[in-house]
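Protein chains in written order, with this note's numbering: chain A, 120 to 338; chain B, 25 to 219; chain C, 377 to 741; chain D, 18 to 604. Written out below as structure tokens is the structure these notes cover.
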Amino acid sequence: MNGLELLTWARGPGLALALGICVFGVILRSVEILALGRKPDLAPARAVTPGSGWRTIFSRSLPPPGMLRRAPLTYLGGYVFHLGFAVTLFFFVPHIELIRGVLGLSWPGLPNSLIDAATIAAILAMIALLIGRLVDPVKRLLSGGGDWLAWALTFAPLATGYAAYHHWFENYALTLALHILSIELLLALLPFTKLFHVVSLFMARWYNGDIAGRKGVAT
Amino acid sequence: MSASFERGINAFKEVIDAPVASFFSSCVHCGLCAETCLFYTETGDPQYAPIRKLEPLRRTWFQEYTLLGRLAKLAGLSKPVTDEELAAWSPLVYDSCSMCGRCSMVCPVGNDLTLMIRKMREGMAADGHAPEGLITATTRAVTSGSPAGVKWVTVQAQTTPMKPPTAASRSALPTSRANSSAASSRRPRNSRSSA
Amino acid sequence: MQHPDNHALNVVLAEAGLSRRDFLGFCATLAAAYALPASSVGAIAAALEKAPRASVIWLSFQECTGCTESLTRSHAPSVEGLILEQISLDYHHTLQAASGAAAERARDAAMRANAGKYLLVVDGSIPLGNAGYSTIAGLSNLDMLKEAAQGAAAVIAVGTCAAYGGLPAADPNPTGAVAVSAIVKDKPVINVPGCPPIPVVITGVLAHFLTFGTLPELDDLGRPKIFYGESIHDRCYRRPFYDQGKFADTFDDEGARKGWCLFKLGCKGPVTYNACATTKWNNGVSFPIQSGHGCLGCSEPGFWDMGPFYQALSMPATPVQKTVAGAAAAGAAVGVAVAFANRGKKAAAKAAHQAVKVEDLEKKS
Amino acid sequence: MSERLVIDPVTRIEGHLRIEAQLKNGIIEEAYSAGTMVRGLELILRGRDPRDAWAFAQRICGVCTVVHAVASVRAVEDALKITIPKNAELIRNLMVGAQYIHDHVMHFYHLHALDWVDVVSALKADPKAASALAQSISRHAQSSPGYFADVQKRLKGFVETGKLGIFQNGYWGHPAYKLPPEANLMAVAHYLEGLAWQRDVVALHAILGGKNPHPNFVVGGAPIAISIYPDHPGRGKGPHYRGGQGGTALDVTGLARIQAVIDAMRAFVDNVYVPDTLAIAGFYKDWFKQGEGLGNFLCYGDLPSRGIDDPTGFLFPRGAILNRDLSTLHDVDLDADDQIHEYVAHSWYDYAGGKNKGLHPYRGETTLNYSGPKPPFEHLPVEQAYSWLKTPRWKGQAMEVGPLARVLMLYAKGHAQTKELVGMALKKLDLPVSALFSTLGRTAARTLETKILADAMQGWYDALVANIKAGDVSTFNDAKWEPSTWPKHAQGVGFMEAPRGGLAHWIVIDDAKITNYQAVVPSTWNAGPRDPAGQAGAYEAALQGHVLHDPAQPLEVLRTIHSFDPCIACAVHLTDEHDSTYEARIL
């Protein structure tokens, strides 16, 4: 199998398989979580704060006062990585075409120079976060195989995509195939690793906000 | 019926619900909860990272309530929670958490760690891993109405206009002193606290 | 009359009325094609002058004659220059005068007279499904290729069919078509893919062999690097628009007229290695992208099965919706099953609940 | 004395053709035409996006490299009811026209000429006399004695190397060669000139289609956007459409180059091709009496001026002629279930309903079944199946398609330029109209229609320029581009007149995928084997009665076969099957 055949496999059956596993897993895991139900809080609510859960979904994206100074690497690294990754993912025209091919939705892209900058920023942020994870005693204690795997799964598409775009290797089709395959691996494992936070984060934040709301605490 | 490991795990199973599952699913091990925990900030000991305190509960959730975890347990890939483990976690769950709620306020993915600590304590208690002092206090509270074991006469003595101390009122004091010294002896071992 | 086997090219050229200037012009073209310095023109001329016209046998199997047509479009060297002055094209269905038995005799004679020295050119794939799927003079393609390859110095597989199986081998490959390299294992095989290959690429590879007597440097797909070393996308005049994010959305919108990038219209330039964007076609007139149509990727193995031509390269090559819908249903089903199991477990836990009394707090086991 | 003649490979054609003939005393009693290569394109096409079909279908043939693409996009457009913009119609006409002119000239000089021209004899020519001959028939510039002397010297040097290459084993010196050495020399010169000319004039395809062979097309119009802005102020004075240089190949420079190509085409056709045809034909008048064949002719019609749905606007009319009767033209309907049928009685295919059934292409079946002898073999069993070609019939009749059919249709319809050209040629050769029904009649018809097309090219070009000047730069209709706009089921036929004759592709589309694709091509009509009733095809009929001087040098057979300009890869196309078994048929 040469690079192009691998690419065609990755664009065809591979993509279908990965997306299938991803969607399968996301739905399975979501049902699994939500179907556990909520243990009722028998205490009377101290306050009625409608929409607290929804508000928290958004408000939790900002660092609480003082935290930025306390953990600058985690916050800045996290922001740069997430924004860079999102810009690269959602505003590179070939990616938009992929989304159009799957969902039929489309929007204008950004010039490649900006995408390039966003990718580099995301890559550097990920490297900084990796070093942080290796050095910081708390993170190191909390980290297990799943954390290193998740990092690698996220880093691989950025690195292979960057290498493909800049033709670092002679065989472009193969590089592109590896890029797509790395994304497919990411998609397939997303529901079953901590990467599932891209979905469960919304539930977690909502519950948190809702619970806090009953206590009359603004979150 | 005495406390037992089975009862503890059973309680874990009872308290794990959708919020808990979503919290554990969302954790990215960023460590920010530690940055807000006084036990960590004062000691610098990573084991006080709040999410770390919930590890037995997390594993119970994973093994009991997720497909992947059930399979992993079947395949022997995920080691089950043990009584010894719970014993080891007891100081973390009880003595190293003041339930101040700061971690729940900063967690970027929205985990309510305080809630989970509270839930975990239900199981820990059913397992008999509540701290000895707390058990005593609780027993006293139930039996005598005062966790500190203060009897009505003592209260009366305290509330009546000052008189020279009597032998009866003096006899109540050593008990409370003994309690507080027991609590301080359970201080975390690795403490470098200057407090 | 000179002895035919020792007939050097310069003498032939002189006798054929081709001036020294014409000859050096050809050498300069060759030097340019191979990105050699101008100073090498003399060396090329010297090499060519010593070379007698090499015997070339051209076999056509499962093909459409597009490759031969392309050969005739070559400007430098031109096809008439090639067949009169540079090679002795001893067998070629479409161009040779003789037919039938006379044609086959010419092939036999050339193979015998030039054993071990002739160049074998093949266009078209070889069907292995049934020997009757393609025959010439009652002979199967497989037998004819094996017979002709035996005495060849090297084999040039011209066109994507010969190089990689091409159209006949496209899914579901009804005739079991294979590439030349699947059959010829003991001889050097140069792949010159393209549907068809660019005219001067065909003649350029022949000229390289004639000039240097060796094979050009090949990439991992057996293609000469000098012509297939760079992707069309990298050398495309529309590349700046790709980088600026300017794309034609349809074939005659503003972007299409302004020459914006054709990526969204399915251009396969990024994964296609060929000289189209630099050499261009038909004496540098244009190439597919310049004429408004995305690259089909025709010099790449398996390009027919790369997914729909008008689907952007980053789009799924095959529809994923059905798989995803099925997976979603399966996910929901398994999720519900797990949910029921979980609820059962939780209900059991609740049933096993025992109120914790103070006497229970202490472990007495 | 009866003997079996086999010519395989028939060279100087496209594809793999085998002719077997039964000779009696040097005369052909029966001839059999066999296509010996199959690829399976139709199976390959099934399940694919109909918008992609043209690229696959185009690779049916690299010689008539635009025609299958055009037929294919028209089939899809017919099925999906897509109309194309005026500019796209003109661009397609220009490309089809250029294909004809290029292909016919190359056929005459590079494939057919060696049947009439003895290359070796040219060495004996007197360059001065050759020059005089050339100047007497044409005002072509390259005709000085020095020019012919140079060509002769070049040829001499080549021949003296002893390595004749492609000319090895030609039938040089065969008594059937009748041209004087000077005419041979002139023809050899034009053989070489033609090679240079053809690679220059393909620039038109390269501009409008990106490359040649296999230029690009698109369903719904032309892929090339017009990079000229009618409302662009441009630089300096003059027509305001002079802006927008360089976006695509179809800019002001591209247009000018197309004009230059058209000029070069017309000059070569007028000054070289037409005079050479008439001059050479003058030496072979007996070939205006044989090789006639069926006498039935079929045209689908092409080169529209008011859209493909309006046959009254076609340059080449549609219709059928039976038994040489030019007074009665029959209507042809490609959709009608009872008109065009394909048979497999003598082909290596099976039909579910039996070998003798005929099927309309929409309902065609594909069951590949090679029942011939195992290679290597000597003879084909002509009583049974002997070809990869199917046998198409129109209302049960064997038909000839191609230039002769078209010229006869034009002539019968009273097309003024055709009447004038035919009249001129017949007068010059001193022949009656019936001489057209012959080997050389076919070759002459090809030359005359080339002249008609070369003149028409200018008209299409002028119309395109006028449109652009008027502000119309539309080349593509995207209304039905997305498959979501298509009906669940659709079927259509795309027809055209290819250089070798009437060509049509039938397509059936279900759920945006091809479920059936069939091409019935010119060489299938002409080169197909016998039908169940034993009726011979056009090649087979035309060869009957030929007298061979020497069966080892069957020059006479080649003359007649080449007069059809065989294109066998085209003829061996594919149909498909309706049940779920996996079967292939290429015909």
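The beta carbon of each residue, even a glycine, is placed where N, CA and C say it ideally should be.
Residue i: contacting residues in chain C (beta-carbon distance under 8 Å)
| i | result |
| --- | --- |
| Asn34 of chain B | Ala725, Ala728 and His729 |
| Tyr118 of chain B | Near Tyr118 of chain B there are no residues of chain C at all, since even the closest Cβ is about 13 Å away, more than 8 Å. |
| Pro213 of chain A | Phe639, Ala688, Leu689 and Ser690 |
| Thr265 of chain D | Ala632, Arg633, Gly635, Gln666, Ser667 and Gly668 |
Among the options, nearest to residue i - alpha-carbon criterion
| i | options | result |
| --- | --- | --- |
| Leu81 of chain B | B:Thr167, B:Ala161 and B:Leu139 | B:Leu139 |
| Trp128 of chain A | C:Val712, C:Lys739, C:Ala728 and C:Met691 | C:Met691 |
| Ala331 of chain A | B:Thr160, B:Val174 and B:Cys124 | B:Cys124 |
| Pro232 of chain D | C:Ile602, C:Lys601, C:Ala529 and C:Lys656 | C:Lys656 |
| Arg56 of chain D | C:Gly631, C:Thr470 and C:Ile502 | C:Ile502 |
| Ile141 of chain B | B:Asp151, B:Arg76 and B:Arg94 | B:Arg76 |
| Gly416 of chain A | A:Ala241, A:Leu233 and A:Leu192 | For chain A, the structure presents residues 120 to 338; residue 416 of chain A sits outside this window and is missing. |
Buried or exposed (CB count within 10 angstroms, at least 16 for buried), residue i
| i | result |
| --- | --- |
| Glu461 of chain C | buried |
| Arg481 of chain C | exposed |
| Glu593 of chain C | exposed |
| Pro198 of chain B | Annotation note: pLDDT 49 at Pro198 of chain B (below 50); position unreliable, coordinate value reported separately. Burial call: exposed. |
| Thr590 of chain C | exposed |
| Tyr258 of chain D | Reliability fails at Tyr258 of chain D, whose pLDDT of 40 lies under 50, so the model's placement of it is uncertain and no value is given. |
| Gly253 of chain D | Bear in mind that the predicted position of Gly253 of chain D carries a pLDDT of just 44, short of 50, making it unreliable; the figure below should be weighed with that in mind. Per the 10 Å Cβ criterion, exposed. |
| Leu465 of chain C | buried |
| Gly545 of chain D | buried |
| Gln116 of chain D | buried |
| His127 of chain D | buried |
| Ala479 of chain C | buried |
| His396 of chain D | exposed |
Rounded straight-line distance, which links the Cα of residue j to that of residue i
| i | j | result |
| --- | --- | --- |
| Ala452 of chain D | Phe305 of chain D | 5 Å |
| Thr699 of chain C | Gly32 of chain B | 43 Å |
| Leu638 of chain C | Leu224 of chain A | 19 Å |
| Ala200 of chain D | Ala139 of chain D | 8 Å |
| Met513 of chain D | Leu304 of chain A | 50 Å |
| Thr162 of chain B | Met129 of chain B | 30 Å |
| Leu346 of chain D | Ala429 of chain D | 8 Å |
| Leu147 of chain A | Ala137 of chain A | 15 Å |
| Thr492 of chain D | Ala105 of chain D | 5 Å |
| Pro256 of chain D | Lys486 of chain D | Because Pro256 of chain D sits at a pLDDT of 40, beneath the cut-off of 50, its placement in the model cannot be relied upon, and the point is left open. |
| Glu46 of chain D | Ala559 of chain D | 11 Å |
| Gly197 of chain A | Phe47 of chain B | 19 Å |
| Pro449 of chain D | Val418 of chain D | 22 Å |
| Thr456 of chain D | Glu309 of chain D | 6 Å |
| Thr279 of chain A | Leu243 of chain A | 14 Å |
| Lys158 of chain A | Asn34 of chain B | 15 Å |
| Asn650 of chain C | Phe73 of chain D | 20 Å |
| Thr460 of chain D | Val286 of chain D | 14 Å |
Listed by chain order, chain C residues near residue i by CB distance under 7 Å
| i | result |
| --- | --- |
| Gly57 of chain D | Pro544, Pro550 and Thr551 |
| Ile15 of chain D | Any property of residue 15 of chain D remains undetermined from this structure, which presents chain D solely from 18 to 604. |
Residues bridged to residue i [DSSP beta-bridge criterion]
| i | result |
| --- | --- |
| Lys41 of chain D | D:Ser19 and D:Ile44 |
| Leu515 of chain C | C:Ile512 |
| Arg171 of chain D | According to DSSP, which records beta bridges pairwise, Arg171 of chain D is partnered with nothing at all. |
| Asp319 of chain D | D:Phe333 |
| Cys584 of chain D | D:Glu31 |
Within chain A, the residues that residue i reaches when beta carbons sit closer than 8 Å
| i | result |
| --- | --- |
| Thr699 of chain C | Ala135, Leu136, Leu138 and Gly139 |
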